[in-house]
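Just so you know, the sequence shown maps onto residues 1 to 337 in full-length UniProt numbering.
Take a look at the structure set out below.
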Amino acid sequence: GGKSKRKAVLLWHGLLDDAYTWVEQGKGRALAYLLADQGYDVWMGNNRGNCYCQEHTYLSPKSEEFWNFSWDEMAKYDLQDTIKYIQRKKTPPSETPAKIAYIGHSEGTTQMFAGLSENPKFFEQSLSCFVALGPVARVGNIDSRALKALALFRMDYICWVIGLRKSFMPRGSMLEQQFLGIFSYMFPSVVEVILTLLCGKPNTPMATNDIINWGQHEPGGSSIVNIAHWCQMIRSDGFRKCNYGSKRNLLRYGTKDAPSYDLSRVPRSLNKLLIRGTNDALVGKTDFDWLCAQVGVTDPVELEGWNHTDYLWDPNAHVTLYPRVIKYVNSINAPAH
1 GGKSKRKAVL
11 LWHGLLDDAY
21 TWVEQGKGRA
31 LAYLLADQGY
41 DVWMGNNRGN
51 CYCQEHTYLS
61 PKSEEFWNFS
71 WDEMAKYDLQ
81 DTIKYIQRKK
91 TPPSETPAKI
101 AYIGHSEGTT
111 QMFAGLSENP
121 KFFEQSLSCF
131 VALGPVARVG
141 NIDSRALKAL
151 ALFRMDYICW
161 VIGLRKSFMP
171 RGSMLEQQFL
181 GIFSYMFPSV
191 VEVILTLLCG
201 KPNTPMATND
211 IINWGQHEPG
221 GSSIVNIAHW
231 CQMIRSDGFR
241 KCNYGSKRNL
251 LRYGTKDAPS
261 YDLSRVPRSL
271 NKLLIRGTND
281 ALVGKTDFDW
291 LCAQVGVTDP
301 VELEGWNHTD
311 YLWDPNAHVT
321 LYPRVIKYVN
331 SINAPAH
């Protein structure tokens, strides 16, 4: 941070993840380090409810009310507040707030697309560019049979009925994390099969050390309400706000049905780079093409054989993907050294 001349880049993780994902590969390989080496001031966001983001001015994580949020709130409040905070740290009060480069993965792109559609003026004035890795908006055509099954069998309703109404897959105690690390060490092939079922076949098999590291640091956690929102999206094939039922929707939105996000409001003047892997089980080709058309992107990038986690965990991402991302960001922002 600090009011330096370094231009800021904000990195935002995906569902059930956390900011560690941007440094997991280490120096010389992870995107956060590579951007810093290029002269950028790198910031990493954490979504509310994950292991690093469970504080509140008056609510306790033990309360149900604390967990009553989805990515709607992240888009409406958290993104803007984070960007404003960075701008205050970077820019003297007498000057126009500096623009920030934003790079998101998965849900980190979802909340930005929602934010852009709801408050286009703020984000147009605040962002220099938006790089979307594995961009997600409409998810009715995903290839992940595992996630489709969970949504169609209404896992979200089942959790609600049996009284699970707070956190979903929270980061456990140190002992639990060590257990996950040991399990990942003993059965790396099992972990890889699970990830493949959820995210698609990886471009390059994960190294055992990376799988162990994953087991020690994932999942980051979220809320049951947020998971319910994602299940609704898979079932409805739309890009809508969270559906709380007709009565609560009336109070919340003024309509019985949860409204859709209007992606036609996303500023065409904002520099955007959308990148999808052809093996990405969470970003179907039909949904990706639809999203590109909605936000006015005519030259998206498709990576042959990449899945939904390869953008972050592929051992060669620092050679095959990140130079392209950095070149794009550099073309818009001249970093200070």
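The C-beta atom is built at its ideal place from N, Cα and C for all residues, glycine as well.
Just so we're clear, the structure is a prediction, and the values are computed from it rather than from any experiment.
{"query": "Identify which residue in Tyr20, Asn47, Gly26 has its Cα closest to the Cα of Pro315.", "result": "Gly26"}
{"query": "Straight-line CA distance for Ser167 to Gly284?", "result": "28 Å"}
{"query": "Is it right to say residue 339 is buried, meaning 16 or more other beta carbons lie within 10 angstroms of its own, or is it exposed?", "result": "The question about residue 339 has no answer, for the chain in this structure spans 1 to 337."}
{"query": "How many Å lie between Pro267 and Ile182 at the Cα?", "result": "47 Å"}
{"query": "Given that a residue counts as buried once 16 or more other Cβ atoms are within 10 Å of its Cβ, and exposed if not, what is Tyr157?", "result": "exposed"}
{"query": "Just to confirm the assignment: which complete beta strand (DSSP E) runs, minimum length 3, are found wholly within the segment 120 to 156?", "result": "127 to 133"}
{"query": "Is any heavy atom in the ligand GTP found nearer than 6 Å to the beta carbon of Met155?", "result": "The ligand GTP is absent from the structure shown, which contains no ligand whatsoever."}
{"query": "Around the Cβ of Gly245, are there at least 16 other Cβ atoms within 10 angstroms (buried) or fewer (exposed)?", "result": "exposed"}
{"query": "Tell me which same chain residues have a C-beta within less than 7 Å of the C-beta of Met206, skipping the five on either side of it?", "result": "Glu192, Trp313"}
{"query": "Using a Cβ distance threshold of 8 Å, determine whether the segment 82 to 93 contacts the segment 290 to 308, with at least three qualifying pairs required.", "result": "no"}
{"query": "Could you check if Leu11 is buried or exposed, using at least 16 other CB atoms within 10 Å of its CB as the buried criterion?", "result": "buried"}
{"query": "Considering Asp41, what are the terminal residues of the beta strand (DSSP E) in which it resides?", "result": "41 to 45"}
{"query": "Alpha carbon to alpha carbon, how far is Leu59 from Trp43?", "result": "26 Å"}
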